[in-house]
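Asks: One structure, as structure tokens, below. Some questions next.
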Amino acid sequence: MKKVRTRFAPSPTGYMHIGNLRTALYAYLIAKKDDGDFLLRIEDTDQERQVEGATDIIYNTLAACNLNHDEGPDIGGEYGPYVQSERMKQGIYAKYAGMLVNMGKAHVCFCKEEDIQAQKEAAGDKEDSFYYHDPCKHLSHEEVQRRMDSGEPFVIRQNVDPEGQTSFDDEVYGTITVDNSTLDEMILLKSDGYPTYNFANVIDDHLMDITDVVRGNEYLSSTPKYNLIYEAFGWEKPRYIHCPPVMKDEQHKLSKRNGDASFQDLVAKGYLPEAILNYIALLGWSPAEEREIYSLEELTKAFDVKRINTSGAIFDVEKLKWMNGEYLRRMDDEEYCKLVTPYIDQAVKKPYSRQAIAVGLKDRAMLLNDIPPMLDFVDELPDYDIDLYFNKKMKTNPEISLESLKEALPVLESLEVWDRDSIHDALIGLAQSTGRKNGVIMYPVRVALSGKASTPGGAIELALVFGKEESLDRIRKGISKLENWE
RNA sequence: GGCCAGUUGGUGAAACGGUUAACACAUCGCCCUCUCAAGGCGACAUUCACGGGUUCGAAUCCCGUACUGGUCACCA
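First residue of the first sequence? That's -11 in this note's numbering, and the numbers climb one at a time after it.
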């Protein structure tokens, strides 16, 4: 069996959007599942749509996701070059286009774009469909030569015999059959000498020994035209794996045109690349087992083309959020602390232990960017409202809280060691020795320490973050605040 | 408009002719609890776009209708 080779073939036109990334992921998984090669090819045949820096975004995104390619413009390979504009300069496309012309499978066309367009529009009113019969097909060899010599602009256009049907098997959508009469004769080589996407794609996929073509399902209807080229050359056709779209809502695809979230936007918002990748793997594909969290390596094993869906999937940021939180929670503490420290630093300038803060964050922050606002009480005790001391469930109110804080203060002051156990024993001991609920003591202390209704951590965790001196200071402030209120 | 494809809950989805129509997110309860989370438990589609048919039996097969998407570029 031939070694499986897939490719990701983006055009460098801007940010990497989610649907695009997912196609890359699937192509990667299909190759790696069978120990095959995954390659990157840059399709820059449209000179007008080039965007500066777009190629770097592609490299960076793939690298961030660990979708490492085996061959590509940046790392080379035996099938190079991997950039289509460079391949064009080597005359590759012109050569194959010429071969097709000689075989009678393509022809030189001098028709003007506007003329064809006008013809289509005129016909559109009367006929159900319009199939372009290119008159240039019947031009004599001499005339073609003469007009080319005279410098008249031309394109190379595919020949399609409108008789009969063409069908192909897609791994996802099954067998698809179309009437040849509905196939336009597509342009292979543009008048600027560049190949069209369609043509370059076929030539390169063949030349690079691509066995599995993975792409969006918008190509489903042009696939028969691709196959005509394979057939003209007598080349073996690849397996086709067309993927359903990733949608923004029921009727719109996720697109960069609309400014929808790109991979880098999500990363900037605090999503982990691994979580994003895991989530999008599940959009349009489902594993055979009841599990949703998969590392890239695990995905590689579990992935199965047969389980790719045929209908579009809506991108649900809520579920991504959950998954991101899941990834965060599963990290070991040390790793988590390292990851999160830059975000803590955004909100906390004082030298409190990052690790002590991270402990409280771990089960609470689903997004990295949620972290700074959660810590806005750390450097400065906010000027909080006295009503915070009311809590029905904890059975506290300002009077009870004042009492609790007054009792807690000396107990904590007398502590020789300021660690988790001693603080815990002191506070809980206080509550239990007087037969009160833990919350009656703990809740007011937590409020006094933070001045907030909710915090990443309870009284003990916060006391640990602040240390003895600052903790006692905040409790004293709480006491005086309550006293003044009365 | 022609052609191609899709249609299971708010979302991702399972099911490959016979199940109480999995599971996960979200939502809503309850429990746990020093807040909030996390965690635990439970609720949530009498029904699989609609209408016919085939069959003892259909979300699953067939036909039609509706709706949605794609395509019909010297864009990819």
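No residue lacks a Cβ here, since even glycine has one placed at the ideal position from N, Cα and C. Keep in mind it's a predicted model, so treat the numbers as computed, not measured.
For Q476 versus L176, is the C-beta spacing smaller than 8 Å?
Replies: What the structure shows of the chain is the stretch from -11 to 474, and residue 476 is not part of that stretch, so it cannot be assessed.
Asks: Tell me, which residues are paired with V255 by DSSP?
Replies: The residue you call residue 255 lines up with position 267 of the first sequence. V255 is not bridged to any residue.
Asks: Using 8 Å as the cut-off, can you tell me whether the segment -10 to 8 makes contact with the segment 242 to 252, which would need three or more C-beta pairs spanning the two stretches below that distance?
Replies: Counting Cβ pairs under 8 Å, three or more are found: they touch.
Asks: Going by alpha carbons, who is nearest to K241 out of E262, G300 and G222?
Replies: On the first sequence, position 253 is the one that residue 241 refers to. The shortest C-alpha separation from K241 is found at G300.
Asks: Taking buried to mean at least 16 other C-beta atoms within 10 Å of its own C-beta, is D193 buried or exposed?
Replies: Within the first sequence, numbered from 1, the residue matching residue 193 stands at position 205. Buried.
Asks: With H, G and I counted as helix, E and B as strand and the rest as coil, what does DSSP make of Y228?
Replies: For the purposes of this step, residue 228 is identified with residue 240 of the first sequence, where counting begins at 1. Y228: strand per DSSP, three-state reduction.
Asks: Within the same chain, show all residues whose beta-carbon is closer than 7 Å to that of N266, passing over the 5 residues directly before and after it, in chain order.
Replies: Locating residue 266 in the first sequence gives position 278, counting from the first residue. Cβ neighbours of N266 beyond the five flanking positions: I281, Y282 and M311.
Asks: Since M76 and P183 are thought to touch, with beta carbons under 8 Å apart, how far apart are those beta carbons, to the nearest angstrom?
Replies: Start at 1 with the first residue of the first sequence, and residue 76 comes out as number 88. Start at 1 with the first residue of the first sequence, and residue 183 comes out as number 195. Confirmed, about 7 Å.
Asks: Pull up the distance between the alpha-carbon of L13 and that of L452, whole angstroms please.
Replies: Residue 13 sits at position 25 when you count from the first residue of the first sequence. Residue 452 sits at position 464 when you count from the first residue of the first sequence. Each residue's alpha carbon lies about 44 Å from the other.
Asks: Looking at the strands, I want to know which residues DSSP matches up with E59.
Replies: Indexing the first sequence from 1 puts residue 59 at position 71. The partner list for E59 (beta bridge, DSSP) reads L27.
Asks: Determine whether the beta carbon atoms of F(-4) and L28 lie at a separation below 8 Å.
Replies: As a working note, residue -4 is residue 8 in the first sequence. As a working note, residue 28 is residue 40 in the first sequence. Going by C-beta atoms, F(-4) is nearer than 8 Å to L28.
Asks: Under three-state DSSP, which class holds G79?
Replies: For the purposes of this step, residue 79 is identified with residue 91 of the first sequence, where counting begins at 1. In the structure shown, G79 sits in coil (DSSP, three-state: anything other than H, G, I, E or B).
Asks: Count the other CB atoms within 10 Å of the CB of M136; is the residue buried (16 or more) or exposed (fewer)?
Replies: Numbered from its first residue, the first sequence carries residue 136 at position 148. Answer is exposed; the Cβ neighbour count stays below 16.
Asks: When the Cα atoms are used, what is the spatial distance from K93 to H129?
Replies: Looking up residue 93 in the first sequence gives position 105. Looking up residue 129 in the first sequence gives position 141. Between K93 and H129, the C-alpha separation is close to 15 Å.
Asks: Quick check on the DSSP output: the beta strand (DSSP E) that includes F(-4) runs from which residue to which?
Replies: Here residue -4 is taken as the residue at index 8 of the first sequence, counted from 1. Run containing F(-4): R(-7) to F(-4), per the beta strand (DSSP E) assignment.
Asks: Leaving aside the five residues before and after I217 along the sequence, list all residues of the same chain whose C-beta is less than 6 Å from its C-beta, in chain order.
Replies: In the first sequence, counting from the first residue as 1, residue 217 sits at position 229. The answer, listed in chain order, is V190.
Asks: Mapping the DSSP letters down to three states, classify G162 as helix, strand or coil.
Replies: Numbered from 1 along the first sequence, position 174 holds the residue referred to as residue 162. Correct three-state label for G162: strand.
Asks: Between the C-alpha atoms of V366 and I229, what's the straight-line distance to the nearest angstrom?
Replies: Counting from 1 along the first sequence, the entry for residue 366 is found at position 378. Counting from 1 along the first sequence, the entry for residue 229 is found at position 241. Approximately 53 Å, taken between the alpha carbons.
Asks: How long is the line joining the alpha carbons of R295 and A106, rounded to whole angstroms?
Replies: Within the first sequence, the letter at position 307 stands for residue 295. Within the first sequence, the letter at position 118 stands for residue 106. So the alpha carbons of these two residues sit roughly 44 Å apart.
Asks: What residues in its chain sit with their C-beta under 7 Å from that of P141, if we drop five residues either side in the sequence?
Replies: Counting from 1 along the first sequence, the entry for residue 141 is found at position 153. S179.
Asks: For T517, which option in G65, G427, P370 and A414 has the closest C-alpha, if you only look at C-alpha atoms?
Replies: Nothing can be reported for residue 517: it is not among the residues displayed for the chain, which extend from -11 to 474.
Asks: Determine the DSSP secondary structure at D116, reduced to helix, strand or coil.
Replies: Within the first sequence, numbered from 1, the residue matching residue 116 stands at position 128. Confidence is the limiting factor: at D116 the pLDDT is only 48, short of 50, which leaves the residue's position unreliable and the question unanswerable from this model.
Asks: With three or more C-beta pairs closer than 8 Å as the rule, is the segment 313 to 327 touching the segment 423 to 443?
Replies: Taking 8 Å as the limit for Cβ pairs, the verdict is that the segment 313 to 327 does not touch the segment 423 to 443.
Asks: Say the cut is 7 Å; is the CB of E457 nearer than that to a heavy atom of the ligand PLP?
Replies: The ligand PLP is not part of this structure, which contains no ligands at all.
Asks: Since I388 contacts I448 with CB under 8 Å, what's their CB separation in whole angstroms?
Replies: The count along the first sequence starts at 1 and reaches residue 388 at position 400. The count along the first sequence starts at 1 and reaches residue 448 at position 460. Not really, about 20 Å apart at Cβ, beyond 8 Å.
Asks: Where do the ends of the alpha helix (DSSP H) carrying A249 lie?
Replies: Taking the first residue of the first sequence as position 1, residue 249 is located at position 261. No alpha helix (DSSP H) holds A249; DSSP gives it neither H nor E.
Asks: Figure out for me which residue from A263, D158, D351 and E285 has the closest Cα to the Cα of K225.
Replies: Within the first sequence, numbered from 1, the residue matching residue 225 stands at position 237. Answer by Cα proximity: D158.
Asks: Determine the extent of the alpha helix (DSSP H) in which Q38 is found, giving its start and end residues.
Replies: As a position in the first sequence, residue 38 is number 50, starting the count at 1. Run containing Q38: none; DSSP gives neither H nor E here.
Asks: Quick one: what's R203 bridged to in DSSP?
Replies: As a working mapping, residue 203 is identified with position 215 in the first sequence. DSSP, once it has assigned bridges, lists H230 as partnering R203.
Asks: Return yes when the Cβ of V405 is within less than 8 Å of the Cβ of I359, no when it is not.
Replies: As a working note, residue 359 is residue 371 in the first sequence. As a working note, residue 405 is residue 417 in the first sequence. The answer is no: Cβ separation not under 8 Å.
Asks: Where DSSP assigns a beta bridge to D237, which residues make up the other side?
Replies: Translated into the one-based positions of the first sequence, residue 237 becomes position 249. H240, per the DSSP bridge assignment.
Asks: Thinking V(-8) and D149 are a contact (beta carbons under 8 Å), I'd like their distance in whole angstroms, please.
Replies: Against the first sequence, residue -8 aligns to sequence position 4. Against the first sequence, residue 149 aligns to sequence position 161. Going by Cβ atoms, the distance from V(-8) to D149 rounds to 33 Å, so no, they are not a contact pair.
Asks: Whole-angstrom Cβ separation of V166 and P212, contact assumed at under 8 Å?
Replies: Counted from its first residue, the first sequence places residue 166 at position 178. Counted from its first residue, the first sequence places residue 212 at position 224. With a Cβ gap of about 5 Å, V166 and P212 count as contacting.
Asks: DSSP three-state label for S274, please.
Replies: In the first sequence, the residue the question calls residue 274 occupies position 286. S274: coil per DSSP, three-state reduction.
Asks: Among K465, Q72, I198 and L270, which residue has its Cα nearest to the Cα of K394?
Replies: Stepping through the first sequence from its first residue, residue 394 is reached at position 406. The shortest Cα separation from K394 among K465, Q72, I198 and L270 belongs to K465.
Asks: Need the endpoints of the alpha helix (DSSP H) that V399 sits in, please.
Replies: Sequence index remark: in the first sequence, residue 399 carries index 411 (1-based). Start and end: P386 to E401.
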